[in-house]
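Notes follow the structure.
There are 4 protein chains.
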Amino acid sequence: MAARFRVRYAETDKMGIAHHSNYVIWMELGRVEWLKEQGLDYRQLESEGVALAVAAIDLQYRASAFFDDELEVKTILSELKSRRLRFDYQIARVSDQTLLALGSSIHIPTNEQNQAVRFPAHWLDELATKVTRG
Amino acid sequence: MAARFRVRYAETDKMGIAHHSNYVIWMELGRVEWLKEQGLDYRQLESEGVALAVAAIDLQYRASAFFDDELEVKTILSELKSRRLRFDYQIARVSDQTLLALGSSIHIPTNEQNQAVRFPAHWLDELATKVTRG
Amino acid sequence: MAARFRVRYAETDKMGIAHHSNYVIWMELGRVEWLKEQGLDYRQLESEGVALAVAAIDLQYRASAFFDDELEVKTILSELKSRRLRFDYQIARVSDQTLLALGSSIHIPTNEQNQAVRFPAHWLDELATKVTRG
Amino acid sequence: MAARFRVRYAETDKMGIAHHSNYVIWMELGRVEWLKEQGLDYRQLESEGVALAVAAIDLQYRASAFFDDELEVKTILSELKSRRLRFDYQIARVSDQTLLALGSSIHIPTNEQNQAVRFPAHWLDELATKVTRG
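Protein chains in written order, with the working numbering: chain D, 548 to 681; chain E, 548 to 681; chain X, 548 to 681; chain F, 548 to 681.
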């Protein structure tokens with residue numbers, strides 16, 4: 548029910564902690580996994596010519612992650628419109644359930660020419676029941 | 548007066564554009580360069596046992612960056628307190644001055660034990676005249 | 548008995564495949580996992596003041612990896628001396644067992660001052676029975 | 548006559564040095580810059596439907612790179628065939644000319660279906676005079 552992975556050595560920085568830019572990639576892991584859990588494959592979406600361009604992100608960092616820590620990203624779909632989706636994320640360390648970061652991302656459905664489009668109706672229908680308001 | 552660099556091939560993704568996570572790294576390039584332009588070296592700060600832990604970031608994406616585009620990050624220090632600094636960023640493509648993204652980051656001075664500390668007074672003094680309110 | 552993970556979206560490039568630099572990071576995942584399977588924790592090694600500096604790597608790429616492909620890194624310790632270790636890697640796609648790449652890495656035990664040292668005797672003893680000659 | 552850039556904070560790891568995987572990306576910076584210096588734009592090559600798939604890489608690491616070090620990648624084209632190119636690289640720190648790493652990469656021209664093709668004749672002709680045998 549959540550993406551799980553370990554902090555890679557290459558993700559650490561000279562402060563000895565995971566560099567803050569990795570959390571953006573980890574939110575993406577959470578998002579891809581969430582879609583998969585709903586039976587929706589991001590590759591399938593892209594094969595229909597639709598991508599979810601990232602329009603905005605934010606992250607609040609609460610605690611550091613260290614090399615080889617097992618982390619978990621809990622993802623919810625917090626907003627769903629035909630031209631805008633929003634996901635919220637909680638990133639935590641599995642061993643002690645420390646909350647490491649809270650984040651969100653806003654997405655615009657786009658076509659292969661990188662133009663904003665309406666999210667395909669059958670995807671909207673499938674996701675409509677999955678929205679969790681914060 | 549700004550960090551300049553080109554989009555790396557490795558920074559692109561299968562959408563054919565620079566992956567959105569790179570902007571977080573590019574903001575860091577802007578921040579490091581800004582400090583250097585003020586005569587303040589981030590390595591010097593770290594050698595005094597102080598780091599600027601990242602407490603929060605946000606980014607709004609306006610347009611895509613492509614492989615080998617020359618980009619420019621304009622950075623301002625928009626808030627300066629002894630326990631909190633905020634930087635704002637504009638990331639643009641040099642060739643046509645397209646604004647690609649707006650971002651900000653909030654930082655907490657920390658010691659080598661990763662504990663919040665007051666920003667050293669001589670750094671505060673030096674930076675106090677550099678604050679640009681938005 | 549092997550590191551398993553999925554290709555991240557951020558790891559793809561504009562050719563639509565996983566960028567070749569990621570394989571170096573994936574070899575590291577294989578190495579860390581291999582040590583763990585032997586009951587040897589890389590964090591434990593580092594806490595004894597010893598790191599395994601990378602002295603050389605090579606990689607031969609055989610086939611491409613795509614977004615969300617599940618990959619597997621099989622790692623063997625192919626050489627063990629007090630001042631030099633060598634690991635060999637096979638990276639394959641799990642679904643069809645396609646071999647994607649063959650690689651190797653050579654490591655020099657170093658201390659915290661980044662100087663070459665002898666690998667601690669108790670680690671050597673533990674690893675001596677694990678060497679697989681190619 | 549060479550790619551120059553500074554080591555990014557995000558490129559460092561918990562050993563306090565630039566992570567070894569970055570050198571693969573830096574070789575790519577050297578290769579792209581080298582082509583540009585010959586008047587050959589890698590984007591132009593790709594727009595003709597040809598990519599230079601990476602078939603193999605190797606790297607020997609001699610010394611560490613640190614945050615904010617200015618580095619230089621010297622690149623030569625050491626082998627040129629219609630179906631195979633080889634580049635060799637020297638990566639050095641600019642300030643003291645310390646050699647940090649030696650590397651090479653082997654490339655196969657491919658089309659958009661990721662199939663091996665002959666390198667376009669006009670590119671071969673242009674590059675034929677640029678080969679530096681080691």
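For each residue, glycine too, the CB sits at the ideal point set by N, CA and C.
Small disclaimer: the values here were computed from a predicted structure and weren't measured.
Less than 8 Å between the C-beta atoms of residue i and residue j, yes or no?
i	j	result
Asp605 of chain D	Asp605 of chain E	yes
Met562 of chain D	Ala602 of chain E	no
Leu576 of chain X	Arg609 of chain X	no
Arg665 of chain D	Ser642 of chain D	no
Phe634 of chain X	Arg578 of chain X	yes
Ile735 of chain F	Arg555 of chain E	There is no way to answer for residue 735 of chain F, as the model of chain F reaches only from 548 to 681.
Among the options, which one has its Cα closest to the Cα of residue i?
i	options	result
Phe613 of chain E	X:Gln662, X:Arg553, X:Asp560 and X:Lys628	X:Asp560
Arg640 of chain X	X:Gly650, X:Ile653, X:Asp615 and X:Phe634	X:Asp615
Leu674 of chain D	D:Gly650, D:Tyr636 and D:Glu584	D:Glu584
Trp670 of chain E	E:Ala557, E:Asn661 and E:Pro656	E:Pro656
Gly650 of chain D	D:His567, D:Asn661, D:Gln644 and D:Val678	D:His567
Ala751 of chain X	X:Arg555, X:Met574 and X:Tyr556	Within the shown structure, residues of chain X are numbered from 548 to 681, placing residue 751 of chain X beyond reach of any answer.
Glu659 of chain E	D:Ala557, D:Ile564, D:Asn569 and D:Arg590	D:Ile564
Ser611 of chain X	F:Tyr570, F:Ala663 and F:Ser611	F:Ala663
Arg553 of chain E	F:Val678, F:Glu580, F:Asn569 and F:Asn661	F:Glu580
Gln607 of chain X	X:Thr679, X:Leu587, X:Arg680 and X:Gln637	X:Gln637
Thr541 of chain E	E:Lys677, E:Ala600, E:Pro667 and E:Leu618	With chain E running from 548 to 681 in the structure shown, residue 541 of chain E is simply not present.
Val620 of chain D	D:Asn569, D:Lys677 and D:Thr676	D:Asn569
Arg680 of chain E	E:Ala557, E:Leu632 and E:Ala668	E:Leu632
Val678 of chain D	D:Ala557, D:Leu582 and D:Glu558	D:Leu582
Asn661 of chain X	X:Arg590, X:Ala600, X:Leu587 and X:Ala557	X:Ala600
Let's see if you can read the secondary structure: which residues bound the beta strand (DSSP E) around residue i?
i	result
Asp635 of chain D	Arg631 to Arg640
Arg553 of chain F	Ala550 to Arg553
Leu647 of chain X	Leu646 to Thr657
Tell me the residue span of the alpha helix (DSSP H) that contains residue i.
i	result
Ala668 of chain F	Ala668 to Ala675
Glu595 of chain E	Segment: none, Glu595 of chain E is in no alpha helix (DSSP H) and carries neither H nor E.
Ile623 of chain X	Not the alpha helix (DSSP H): Ile623 of chain X falls in the beta strand (DSSP E), residues Glu617 to Lys628.
Asn569 of chain E	Asn569 to Glu584
How about residue i: is its Cβ closer than 7 Å to a heavy atom in the ligand ADP?
i	result
Val571 of chain F	Looking for the ligand ADP in the displayed structure turns up nothing, as the structure carries no ligands at all.
Given 8 Å, three or more beta-carbon pairs between the stretch 619-630 of chain F and the stretch 589-598 of chain F = no
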